[in-house]
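Numbered per the UniProt record's numbering, the sequence shown finishes at 329, counting up by one with no gaps. Don't be surprised by glycine CBs; every beta carbon is placed ideally from N, CA and C. Here's the structure, in structure tokens; my notes come after.
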Amino acid sequence: MEDTTAPNVTKPIRCIVKLGGSAITCKNELEKIDEETVGIVSSQLREAVVTGSGSRKVLGMDWSKRPGKPGISCDADDFEDRNLDSSSFIVVHGAGSFGHFQASKSGVHKGGLNKPLVMAGFVATRISVTTLNLEIVRALAREGIPSIGVSPFSCGWTTSERNMASADLSMVARAINSGFVPVLHGDAVLDDLQGCTILSGDVIIRHLAAHLKPEYVVFLTDVLGVYDRPPSEPNAVLLREIAVSEDGSWSVVQPALEDTKTQVEITVAAHDTTGGMVTKISEAALIAKLGIDVYIVKAATTHSSRALSGEVRGAIPEDWLGTVIRFGV
1 MEDTTAPNVT KPIRCIVKLG GSAITCKNEL EKIDEETVGI VSSQLREAVV
51 TGSGSRKVLG MDWSKRPGKP GISCDADDFE DRNLDSSSFI VVHGAGSFGH
101 FQASKSGVHK GGLNKPLVMA GFVATRISVT TLNLEIVRAL AREGIPSIGV
151 SPFSCGWTTS ERNMASADLS MVARAINSGF VPVLHGDAVL DDLQGCTILS
201 GDVIIRHLAA HLKPEYVVFL TDVLGVYDRP PSEPNAVLLR EIAVSEDGSW
251 SVVQPALEDT KTQVEITVAA HDTTGGMVTK ISEAALIAKL GIDVYIVKAA
301 TTHSSRALSG EVRGAIPEDW LGTVIRFGV
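Here it is in structure tokens:
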């Protein structure tokens, strides 16, 4: 039975954003961040999150030493008479080229902490994913977003046979009420029955959405949205709108090209221990069932910027490229 500490959120949540691991890291290079994409996404988030940020100087909040920089940059005078009001956003990111290798090599997702390799892999996985989390928090902070890293393991999130068993949302709620933007991540966690497993960012998003009720959810990925087949295949069709029924099944409402019925066909990379796009669509469908629209869109594009700002809510603009998942369309 799932045990969730009831959150006391006094500020309504505008949006929960998932930064896909494949979008923010270089998939074929171990533990390498896609600096360009992360920079653009952070800038777009600043425009969506920080009130009146468009024409004003960015108030950077990463006051730590950086490679190639002579010292720590902080101008205290810049913060005088400045309003740091922000919309209530939550950011969750995947692992990408961080964590997946360590988890796959050791079998952490299958459990078995009594095995030395699994124990070592659990430690190695958490070192990797928390390293990425720190870098994402720093990138957002450099854009003036008051971001705070929150690790599910450290907050006591656990699973039972890989299903969510307990989650303490009190720290997330307190951070939001204090004006911060919590930044969570896919994590290695303890499992009541198999010892340990991997809790994916997509599952975390669904859990947060169920208990915090954001206005909308945005998944930023490395492709334009959901296709009727792997997008690398010839004639792959982008699906603009997917309707979710009461039983959790989904059907295509509006393909990007004229087509009446399309079967969604997905493949998952062999090294992906969290289920890839299969998990993403399944969790998005569960979120949509709550009456919360979900937008799946390519990161660092004009389309992602419009989704983050809320511009896509309601009727889908003709020139917007992405996938909307809604309940009972």
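8 Å Cβ shell around threonine 262 - same chain, five flanking residues per side excluded: Its pLDDT being 46, under 50, threonine 262 is placed unreliably in this model, and the coordinates cannot settle the point.
Short Cβ contact (8 Å threshold) for alanine 103 with aspartate 222: Result no, Cβ atoms of alanine 103 and aspartate 222 do not sit closer than 8 Å.
Straight-line gap, leucine 193 to glutamate 161 (C-alpha atoms, nearest Å): So the alpha carbons of these two residues sit roughly 6 Å apart.
Reduced DSSP category for leucine 30 - H, G, I as helix; E, B as strand; rest coil: The DSSP-derived three-state label of leucine 30 is coil.
Integer Cβ distance of histidine 241 from valine 324, believed to fall under 8 Å: Note that residue 241 is glutamate in the sequence shown here, rather than histidine. About 5 Å; that satisfies the 8 Å criterion.
Leucine 190 - containing beta strand (DSSP E), residue span: 187-191 is the span of the beta strand (DSSP E), which, as asked, contains leucine 190.
Residue range of the alpha helix (DSSP H) that includes methionine 171: 170-177
Residues sharing a beta bridge with residue 360, DSSP: Within the shown structure, residues of the chain are numbered from 1 to 329, placing residue 360 beyond reach of any answer.
Extent of the continuous beta strand (DSSP E) run through residue 334: Because residue 334 is not part of the residues shown, which for the chain are 1 to 329, the question remains open.
Collapsed DSSP secondary structure at residue 332 in the structure displayed: Given that the chain is displayed from residue 1 to residue 329, the structure contains no residue 332 and the question cannot be resolved.
Pairwise C-alpha distance: aspartate 77 and histidine 93: 33 Å
Distance CB(serine 97)-CB(threonine 25) smaller than 8 Å: yes
Aspartate 322 to histidine 185 span [Cα, whole Å]: Rather than aspartate, the amino acid found at residue 322 in this sequence is glycine. Rounded to the nearest angstrom, the two C-alpha atoms are 23 Å apart.
contact_flag[the stretch 205-217, the stretch 9-23] where n(CB pairs < 8 Å) is 3 or more: Contact holds: three or more Cβ-Cβ distances are below 8 Å.
Length of the line joining the Cα atoms of tyrosine 295 and glycine 68: 38 Å
Inter-stretch contact (C-beta, 8 Å, three-pair minimum) for the stretch 161-179 and the stretch 125-144: With fewer than three CB-CB distances shorter than 8 Å, the stretch 161-179 does not count as touching the stretch 125-144.
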